[in-house]
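**Student:** Under the working numbering, the first residue of the sequence shown is numbered 49, with each subsequent residue one higher.
Cβ atoms here follow ideal geometry from the backbone N, Cα and C, with glycine treated the same way.
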Amino acid sequence: MFALLCAALLGSPPNVTSGPELGEEALAVAAPIDEVVVFSDRATVRRRARVKLSGTVSLRFPDLPGATFLDTVRVESPSAKVLRVEVEPVERERVTLEEVDALLTKLERLADELGKLEATRAAIEEELAMLGELRPTLPPLDKRPPGASYPLAPETWRPTLELFDARRQANHTELRALERKHQALLEEHGQLQAELAERNLGGASQRRLQVVAIVQAEKGGEAELRLEYVVPGAQWKPLYELHFDPARSAVELRSAGLVVQSTGEDWRDVRLLASTAIPGQGIALPRLLTWTLGEKGEFVPRPRAERLPPVAALPPAAPPAARFAEVQRASRAEAVAARLSQIA
49 MFALLCAALL GSPPNVTSGP ELGEEALAVA APIDEVVVFS DRATVRRRAR VKLSGTVSLR
109 FPDLPGATFL DTVRVESPSA KVLRVEVEPV ERERVTLEEV DALLTKLERL ADELGKLEAT
169 RAAIEEELAM LGELRPTLPP LDKRPPGASY PLAPETWRPT LELFDARRQA NHTELRALER
229 KHQALLEEHG QLQAELAERN LGGASQRRLQ VVAIVQAEKG GEAELRLEYV VPGAQWKPLY
289 ELHFDPARSA VELRSAGLVV QSTGEDWRDV RLLASTAIPG QGIALPRLLT WTLGEKGEFV
349 PRPRAERLPP VAALPPAAPP AARFAEVQRA SRAEAVAARL SQIA
């Protein structure tokens, strides 16, 4: 028995280690919100994920809101063993460089289309002006040859005038279509400019919580993972409606719950539960002090400080050396900022 225990302890360790790069090396899993329990001042969010596991792996859940209570983050699995859960505050960009680059590319394409529309409209208007100046007229008297006669023959001009009229109508129809398309492109161009104006590459970061769980699969296959945490910024309150039906002389009372949340997460198509509990109110029993009578074990009250003295702040750690990826990303940020300045 002792030999088996030693063999188990001295066996090959899992190929997962903790460290600063654990989040980058972990496998990202999709864990949509399945259920939310809303209280009067906070909410408990439960996420579920199904992942195919084999051995010991590190999994990275979607980032949680920065205001999440750290001591409430829980990861469990009914079919796998959760070895460790690491929760770390991180700074995430509100918008990535790829998104800004895509917006700029779309804005430049719209600008090119607007330029083509302007050139097409100018050419059509020039043709309309030329068609409007065409009139059936006779040569001046001083330029007519001696003895030449110019009988007026409207039937010879009618096909030409009809051709010009059809051309003018087609040009007007095309101009109206171009105007509608031009207006739509202008609205889309304005929306893109407003969206880009809201992007600030210098202050577009936000505090998030990175959750990484090291999970060991007892049996290979698909495993279910459950992530639970508590976030502030959510509340619910009851609503009541009183309806009177004079035909039946009856009164009907209807009740509902209004949920308001500003957690930064999307609760669309999520099962909501409203609770009347107050988790923020402490309900722990106080610790009673024992008072023993007698000289040997006599209790003597002694004063105690209500709060501990402030802890001295540690000096900031030295920044790590810049890696090649960080330098490359910084150069891309400068290029995108230059394109943004040209658009503005």
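Which residues does DSSP pair with Glu-300 in a beta bridge?
**Tutor:** As a position in the sequence shown, residue 300 is number 252, starting the count at 1. Answer is His-291, bridged to Glu-300.
**Student:** Please list, in chain order, all residues of the same chain as Ala-17 whose beta carbon is under 7 Å from its beta carbon, the five residues on each side excluded.
**Tutor:** Beyond the ends of the chain as shown, which are 49 and 392, falls residue 17; an answer cannot be given.
**Student:** Ser-323 and Val-86 - do their beta-carbons sit closer together than 8 Å?
**Tutor:** Mapped onto the sequence shown, residue 86 falls at position 38. Mapped onto the sequence shown, residue 323 falls at position 275. Closer than 8 Å, so yes.
**Student:** Express the C-alpha separation of Asp-82 and Ser-379 in angstroms, rounding to a whole number.
**Tutor:** Position 331 of the sequence shown, counted from the first residue, corresponds to residue 379. Position 34 of the sequence shown, counted from the first residue, corresponds to residue 82. If you draw a straight line from the Cα of Ser-379 to the Cα of Asp-82, it is about 40 Å long.
**Student:** Return the CA-CA distance between Leu-287 and Leu-301, expressed in angstroms with no decimal places.
**Tutor:** Working through the sequence shown from its first residue, we reach residue 287 at position 239. Working through the sequence shown from its first residue, we reach residue 301 at position 253. About 10 Å.
**Student:** Please name the residue, chosen from Val-135, Ile-326 and Val-299, that lies closest to Lys-285 on a Cα-to-Cα basis.
**Tutor:** Residue numbering aside, residue 285 sits at position 237 when the sequence shown is read from its first letter. Minimum Cα distance to Lys-285 is reached at Ile-326.
**Student:** Specify whether the region 219 to 232 and the region 104 to 113 touch according to this definition: at least 3 beta carbon pairs, one from each stretch, less than 8 Å apart.
**Tutor:** no
**Student:** Answer yes or no: do Thr-338 and Ala-91 have a C-beta to C-beta separation smaller than 8 Å?
**Tutor:** Taking the sequence shown and counting its residues from 1, the one referred to as residue 338 is at position 290. Taking the sequence shown and counting its residues from 1, the one referred to as residue 91 is at position 43. Against a cut-off of 8 Å, the Cβ pair of Ala-91 and Thr-338 comes out as no contact.
**Student:** Assuming Arg-95 and Leu-275 are in contact, meaning their beta carbons sit under 8 Å apart, how far apart are those beta carbons, in whole angstroms?
**Tutor:** Within the sequence shown, the letter at position 47 stands for residue 95. Within the sequence shown, the letter at position 227 stands for residue 275. Between Leu-275 and Arg-95 the Cβ distance is about 4 Å, and since that is below 8 Å, they are a contact.
**Student:** Using the Cβ count rule (16 or more neighbours within 10 Å means buried), how would you classify Ser-125?
**Tutor:** Along the sequence shown, one-based indexing puts residue 125 at 77. Buried is the call here.
**Student:** Could you name the residues of the same chain whose beta carbon sits closer than 6 Å to that of Glu-136, not counting the 5 residues immediately before and after it, in chain order?
**Tutor:** The residue given as residue 136 occupies position 88 in the sequence shown. So the list reads Gln-258, once near-sequence residues are dropped.
**Student:** Are there 16 or more other CB atoms within 10 angstroms of the CB of Ala-97, so buried, or fewer, so exposed?
**Tutor:** For the purposes of this step, residue 97 is identified with residue 49 of the sequence shown, where counting begins at 1. With 16 or more Cβ atoms within 10 Å of its Cβ, Ala-97 is classed as buried.
**Student:** Give the straight-line distance between the Cα atoms of Pro-294 and Gln-309, rounded to the nearest whole angstrom.
**Tutor:** Stepping through the sequence shown from its first residue, residue 294 is reached at position 246. Stepping through the sequence shown from its first residue, residue 309 is reached at position 261. Cα to Cα, Pro-294 sits roughly 38 Å from Gln-309.
**Student:** Could you check whether Leu-240 and Leu-151 sit closer than 8 Å to each other, using their CB atoms as the reference points?
**Tutor:** Working through the sequence shown from its first residue, we reach residue 151 at position 103. Working through the sequence shown from its first residue, we reach residue 240 at position 192. Their beta carbons are under 8 Å apart, which means Leu-151 touches Leu-240 by this criterion.
**Student:** Could you round the C-beta distance between His-237 and Leu-162 to whole angstroms and report it? I think they count as a contact, below 8 Å.
**Tutor:** As a position in the sequence shown, residue 237 is number 189, starting the count at 1. As a position in the sequence shown, residue 162 is number 114, starting the count at 1. With a Cβ gap of about 7 Å, His-237 and Leu-162 count as contacting.
**Student:** List the DSSP bridge partners of Val-86.
**Tutor:** As a working note, residue 86 is residue 38 in the sequence shown. Beta-bridge pairing links Val-86 to Ala-91 and Ala-322.
**Student:** Near Leu-53, what residues of its chain come up, given a Cβ to Cβ distance below 6 Å and the 5 sequence neighbours on each side ignored?
**Tutor:** In the sequence shown, the residue the question calls residue 53 occupies position 5. Only weak support is given to the placement of Leu-53: the predicted model assigns it a pLDDT of 41, under 50, and the value that follows is read from those uncertain coordinates. Correct list: empty, nothing qualifies.
**Student:** Let me know if Val-278 comes out buried or exposed under the rule of 16 or more other beta-carbons within 10 Å of its beta-carbon.
**Tutor:** Start at 1 with the first residue of the sequence shown, and residue 278 comes out as number 230. Buried, by the Cβ-count rule.
**Student:** Leaving out five residues on either side along the sequence, give the residues of the same chain with a beta carbon under 8 Å from the beta carbon of Leu-233.
**Tutor:** If you number the sequence shown from 1, residue 233 lands on position 185. Taken in chain order, the residues that qualify are Leu-158, Glu-161, Leu-162 and Leu-165.
**Student:** Where does Thr-104 fall in DSSP's three states?
**Tutor:** Locating residue 104 in the sequence shown gives position 56, where the first residue counts as 1. Residue state, collapsed to three classes: strand.
**Student:** Just checking my contact of Val-148 with Val-384 at CB under 8 Å: how many whole Å lie between their CB atoms?
**Tutor:** Here residue 148 refers to the residue found at position 100 of the sequence shown. Here residue 384 refers to the residue found at position 336 of the sequence shown. Confirmed, about 5 Å.
**Student:** My output table needs one value for Trp-315: the three-state DSSP class, helix, strand or coil.
**Tutor:** Stepping through the sequence shown from its first residue, residue 315 is reached at position 267. Note: Trp-315 maps to coil in three-state DSSP.
**Student:** Where does the unbroken beta strand (DSSP E) through Glu-124 begin, and where does it stop?
**Tutor:** Against the sequence shown, residue 124 aligns to sequence position 76. Taken as a continuous stretch (DSSP letters only), the beta strand (DSSP E) holding Glu-124 covers 122 to 124.
**Student:** CB-CB under 7 Å to Leu-176, same chain, minus the five flanking residues each way: which ones, in chain order?
**Tutor:** Within the sequence shown, numbered from 1, the residue matching residue 176 stands at position 128. Cβ neighbours of Leu-176 beyond the five flanking positions: Arg-216 and Asn-219.
**Student:** Excluding the five sequence neighbours on either side, which residues of its own chain have a C-beta within less than 6 Å of the C-beta of Arg-169, listed in chain order?
**Tutor:** The residue given as residue 169 occupies position 121 in the sequence shown. Shown here for Arg-169: same chain residues with a beta carbon closer than 6 Å to its own, the five before and five after excluded, namely Leu-226 in chain order.
**Student:** Helix, strand or coil for Gly-163? Go by DSSP, reduced to three states.
**Tutor:** By 1-based counting over the sequence shown, the position of residue 163 is 115. Three-state result, Gly-163: helix.
**Student:** Would you kindly work out how many angstroms separate the C-alpha atoms of Glu-73 and Thr-116, rounded to a whole number?
**Tutor:** As a working mapping, residue 73 is identified with position 25 in the sequence shown. As a working mapping, residue 116 is identified with position 68 in the sequence shown. So the two alpha carbons sit approximately 24 Å from each other.
**Student:** If you draw a straight line from the C-alpha of Leu-112 to the C-alpha of Glu-382, how long is it?
**Tutor:** The residue given as residue 112 occupies position 64 in the sequence shown. The residue given as residue 382 occupies position 334 in the sequence shown. Roughly 29 Å between the two C-alpha positions.
**Student:** Please return the same chain residues whose Cβ sits closer than 7 Å to the Cβ of Thr-120, not counting the five positions on each side in sequence.
**Tutor:** Residue numbering aside, residue 120 sits at position 72 when the sequence shown is read from its first letter. Excluding sequence neighbours, Thr-120 sits near Tyr-277 and Val-278.
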